Each structure stands twice: as C-alpha cells, then as structure tokens.
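Here the structure is laid out as structure tokens; the discussion comes afterwards.
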Amino acid sequence: MNLEGRCACGAITYQLTGQPLIVNACHCRDCQRLTGSAFAVNLWMERKAVEAHGPEPKTFRLAGGSGRPHDVFYCGECGTYLWSRYHGAPGDFVFVRAGTLDNPGAVKPDVHIFTRTKVPWLELPEGVPSFKEFYRLAEVWSDEALARIGRSRRT
Ligand SMILES: [Zn+2]
Ligand SMILES: [Zn+2]
C-alpha cells in the first residue's frame with residue numbers, strides 16, 4: 031500500500047513508500063493552531079519513505095513541546111501544512127499530516143497524545159491508549175516499529 035497525498039493547491043504531491051512507525055493523534059496546542067482543528071493525525075515516517083514532488087516545501091521553526099526545535103513544512107503556494115520534523119525525536123523522521131492524504135481514512139490513530147489540552151467535547155475511543163503528554167515508545171509501539179527506529183538511530 032503506497033499512500034499518496036498533496037497540498038490543497040496540488041503544487042506539491044507526495045508518495046509514502048513505507049508504512050508509518052506509528053500514527054499519533056496529537057491534541058497539543060501547536061497542532062490545534064497549525065491545523066485549525068481539534069487535533070492532528072501524524073504519521074511518524076522515515077524521511078526517506080516520503081517522496082515529494084513539485085516545489086520544495088517552505089519551512090518555519092517553532093519551539094516544540096520538548097524544548098527542542100520543531101520545523102514545520104508547508105506549501106509556499108497555498109500554505110497547506112504537510113509535515114513536521116521534531117528535533118526531539120531520535121533519527122531521521124518526519125511527521126506527515128494524515129489530512130493531506132488522498133484517502134485520510136486509510137490510517138487511524140494508534141495512540142492519542144497531549145490529551146491534557148484535548149477539547150472537552152471530543153470523546154476518545156475506548157481501547158486506544160492515550161496520554162496526557164507523551165509516552166515511552168516501548169509502552170506503545172510494536173516490536174517491528176521499535177526495531178526500525180533502532181536501525182535509524184544507528185545510521
Ligand atoms: Zn499548495
Ligand atoms: Zn502536537
């Protein structure tokens with residue numbers, strides 16, 4: 031399954047050539063502001079598995095919840111926020127916004143994070159782990175995903 035997506039104007043298209051390590055639904059204030067929505071759905075991807083076409087995305091830097099920089103990548107034509115790079119995350123990863131997929135229903139959150147700022151009207155599904163802030167990867171991730179992040183750390 032190669033998922034594809036694009037910005038709102040279509041100048042930038044992309045293809046995901048691998049599976050996400052995990053899908054985080056993030057309820058932090060930055061994600062709420064950046065998306066203009068109640069939360070963001072982020073696909074944690076190896077950067078080499080995100081093949082972008084079209085003009086280079088533009089970027090700006092936020093402080094990030096971890097205190098490490100958070101780079102935001104967006105289309106310079108239409109401003110659609112496509113993915114992020116969190117310097118607090120180990121290895122070479124980007125976090126792709128699931129709302130930019132051609133089929134956003136192809137993925138669903140494995141875990142909800144930063145629920146301390148979740149909007150009160152939203153009820154989280156039972157059986158999906160949720161955390162007030164972040165979590166220890168080993169508590170949530172599959173063995174396969176943990177092995178992949180281990181490989182990325184060494185390179
Ligand atoms: Zn665009
Ligand atoms: Zn967030």
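Read left to right, the sequence shown gives residues 31 to 185 (the numbering used here). Glycine included, every Cβ here is placed at the ideal spot set by N, Cα and C. A quick note: this is a predicted structure, and the numbers were derived from the prediction, not measured.
- Burial state of F90 is exposed, judged by a 10 Å Cβ sphere holding fewer than 16 other Cβ atoms.
- The C-alpha of Q45 lies about 19 Å from the C-alpha of G109.
- For A177, the distance from the CB to the nearest heavy atom of ligand 1 is not below 8 Å.
- Just measuring C-alpha positions, the residue of D122, C39 and V71 sitting nearest N54 is V71.
- At the C-beta level, E81 and T130 stay beyond 9 Å of one another.
- By the CB criterion at 9 Å, G35 and D140 fall outside the cutoff.
- With 7 Å as the limit, the residues whose C-beta approaches a heavy atom of ligand 1 more closely than that are C37, A38, C39, G40, A41, I42, C105, E107, C108 and T110, in chain order.
- For D60, the enclosing alpha helix (DSSP H) covers residues R59 to T65.
- Y165 and G157 have their C-alpha atoms roughly 16 Å apart.
- The beta carbon of V170 lies closer than 8 Å to those of I52, D140, V141 and P159 in the same chain, with the five residues before and after it left out.
- With fewer than 16 other Cβ atoms inside 10 Å of its own Cβ, K138 counts as exposed.
- Between the alpha carbons of Y111 and F103 lies a distance of about 6 Å.
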